[in-house]
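Going down the list, the protein sequences come from chains B and H. Residues 4 to 241 (the numbering used here) make up the first sequence, in order. Residues 161 to 447 (the numbering used here) make up the second sequence, in order. Every residue gets a Cβ at the ideal spot worked out from N, C-alpha and C, and that includes glycine. All of these numbers come straight from a predicted model, not from anything done at the bench. One structure below.
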Amino acid sequence: MTEMTIEFDNIMGGQNLFLNAVTYTNAIGEPFTVSLAQYYISNIKLRKADGTEYTVPQDSSYFLIKESDPATRFARFKVPVGNYHQLSFIVGVDSLRSTMDITKRTGVLDPAGGMDDGMYWGWNSGYIFLKLEGTSAMAPVDPSGQRKYRFHIGGFGGYSAPTINNIKTITTDLTASGIAQARTGRTANIHYLVDLMKVLNGTTNVSIAANPSVMFSDYSVNIANNYTGMFYHDHTEN
Amino acid sequence: MNKKYWIVIIGLFGVLACSKEMIDRFAGFQQPVNFPEPVYNIAGNEVTKEAFELGRKLFYEPRLSRNNTVSCGSCHIQSSAFTQHGHDVSHGIDDRLGRRNSPPIMNLAWMPAFMWDGGVFDLDLQPIVPITAHEEMDETIPNILNKLRSHTDYPGLYQKAFGSSEITTATTMKALSQFMIMCISSDSKYDSVMRGKSSFTVEEQAGYTLFKQKCNSCHSEPLFTDNAFRNNGIAIGLNNDEGRSEVTLNPLDRYKFKVPSLRNVQFTAPYMHDGRFLYSGSRVRSL
């Protein structure tokens with residue numbers, strides 16, 4: 004076994020992402036800044052050219068990527084030595100883990116996450132898969148007096164009654180931009196550029212003015228569908 | 161002294177010795193014979209005296225709130241069947257008010273979903289909601305864990321309960337669950353009749369017959385709830401609380417709330433999800 008990493012390098016519309024400092028513009032022309040950007044990556048699987056697959060053991064396969072904490076940009080795990088041509092992972096937390104006993108929810112899955120940057124809904128038990136927050140002159144003044152937008156996207160399909168399922172699996176063919184060569188004593192790094200502009204722009208171009216707060220609602224499905232397009236495999240460092 | 165008195169005194173001591181033994185022996189979770197199997201995974205959190213007592217201490221621990229003023233027991237008062245007597249909607253930190261009535265804590269091991277809208281599917285996850293709710297305890301779990309870690313008693317109590325003085329989200333929630341699932345209502349007159357230990361009076365029997373005809377389809381025996389979510393036809397509340405549909409996003413679930421148990425009903429007033437009925441008779445009249 005040897006170490007491998009996936010790097011989630013957040014960008015915004017082709018530029019580097021800077022929290023609070025830079026104003027970006029979405030597809031429908033609304034200016035906005037970003038104060039918080041974070042998401043879960045889980046259930047990592049790798050496939051060789053011959054079709055054999057390696058699934059990273061589930062207990063070691065949950066990562067919370069936080070733009071505010073550069074140390075979290077790498078998902079770090081161990082794989083058997085070999086050449087991997089395809090990678091897949093879930094954006095969010097699978098339904099099984101979302102309903103597991105609390106003793107199995109440690110580390111980034113601890114539902115203790117604080118109210119401000121927590122990634123867990125207490126009132127409707129489940130994880131928030133992705134959070135994007137910031138300000139926009141187009142957002143209406145909220146009860147706190149700010150012009151903020153808040154996207155908290157989650158929903159694992161429901162426990163006793165079916166409801167929205169925003170669990171998204173991303174599968175990337177690595178051959179075009181570099182397969183991952185796992186070798187003893189080296190750490191292959193699969194480097195993604197993650198364009199958070201895709202949260203707003205895509206099949207649905209999201210208006211911040213019309214949807215300043217998207218949380219557990221039917222509309223959240225549009226945003227989750229949008230962000231499946233945000234992962235660009237840029238290169239692999241072997 | 162008269163021989164008869166001696167017999168009485170010895171008999172009395174016998175009773176005392178017996179009840180002392182009863183108190184000292186902690187029986188753990190006992191399945192009432194006329195109840196179904198519990199929903200809660202008892203095997204995953206076996207009730208011990210030490211963890212139960214830790215859970216009880218946590219339940220009455222005001223440090224679980226932001227300014228150490230409100231405990232679980234503030235809105236779940238034992239003498240009112242663990243409800244907040246005299247409050248239509250729950251009254252929390254800084255005199256803030258919630259939007260729903262505090263439900264009793266009773267027979268939770270048999271309850272598949274919690275809160276009036278059923279948004280919480282595991283008892284171990286339930287306390288996170290009131291602890292973090294703005295109008296209830298307004299605290300964070302990391303803060304309470306730190307408060308408990310720096311307390312003189314808690315590390316030792318966790319050590320006794322779970323074999324480690326480490327205080328985690330999981331052990332804290334498991335201890336609270338142990339206390340809550342032990343709040344069992346299974347010794348009413350009804351239960352004693354069902355177990356063949358006594359019998360109803362003529363009036364009680366008539367009431368029971370009527371109940372089975374008119375009420376039992378939702379307030380099903382022996383828990384006196386079917387744990388379903390129903391719109392019972394009362395007017396939409398002034399705050400337009402949509403209930404179950406908030407967690408399912410299903411328009412058909414609008415204005416549905418969990419059917420509450422009728423056990424201890426004489427202590428759980430006021431009634432309904434928003435406490436709008438002060439007397440049980442008002443609900444019957446509304447039917």
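- Put simply, the backbone Cα of B:V96 is about 19 Å away from that of B:L39.
- In its chain, beyond the 5 residues on either side, S262, P264 and T428 have a beta carbon closer than 6 Å to the beta carbon of H:T243.
- Look at B:I105: its C-beta is under 8 Å from a C-beta on chain H.
- Residue state for B:K107 is assigned as helix, using DSSP reduced to three classes.
- Per the DSSP secondary-structure output, B:N168 pairs in a beta bridge with B:F159.
- Residue environment for H:N205: buried (at least 16 other C-beta atoms within 10 angstroms of its C-beta).
- Contacts between H:L257 and chain B, judged by CB atoms closer than 8 Å, are missing: the closest CB pair is about 17 Å apart.
- In terms of Cβ geometry, H:H294 and H:R256 form a close pair [threshold 8 Å].
- Taken through DSSP and simplified to helix, strand or coil, B:D12 comes out as strand.
- Here H:Q286 is buried, its C-beta having at least 16 other C-beta atoms within 10 Å.
- Interface criterion met: the Cβ of H:N410 is under 8 Å from a Cβ in chain B.
- Residue environment for B:K81: exposed (fewer than 16 other C-beta atoms within 10 angstroms of its C-beta).
- In this structure the region 95-111 of chain B does not lie against the region 48-60 of chain B, because fewer than three pairs of beta carbons, one per stretch, are closer than 8 Å.
- At a cut-off of 8 Å between beta-carbon atoms, B:T207 makes no contact with chain H.
- For H:I341, no chain B residue has a Cβ inside 9 Å of its Cβ, as the nearest lies near 14 Å away.
- Annotation: the continuous alpha helix (DSSP H) that includes B:N225 extends over S223 to Y230.
- For a cut-off of 8 Å, the C-beta gap from B:V84 to B:R186 is around 6 Å, short enough to register as a contact.
- Counted as a single uninterrupted DSSP element, the alpha helix (DSSP H) harbouring H:G367 occupies residues V362 to K374.
- A Cβ-Cβ contact shorter than 8 Å links B:I131 with B:G157.
- Here DSSP, grouped into helix, strand and coil, assigns B:A212 to coil.
- In this chain, the alpha helix (DSSP H) harbouring H:F322 covers Y314 to F322.
- Inside the region 121-158 of chain B, DSSP marks whole beta strand (DSSP E) runs of 3 or more residues at positions 129-138 and 151-157, from first to last along the chain.
- In the structure shown, H:V199 falls within a coil segment according to DSSP collapsed to helix, strand and coil.
- Where B:D237 is concerned, the enclosing beta strand (DSSP E) starts and stops at F234 to E240.
- Approximately 5 Å separates the beta-carbon atoms of H:I327 and H:R309; this is inside 8 Å, confirming the contact.
- When beta bridges are read from the DSSP output, B:E6 appears opposite B:K81.
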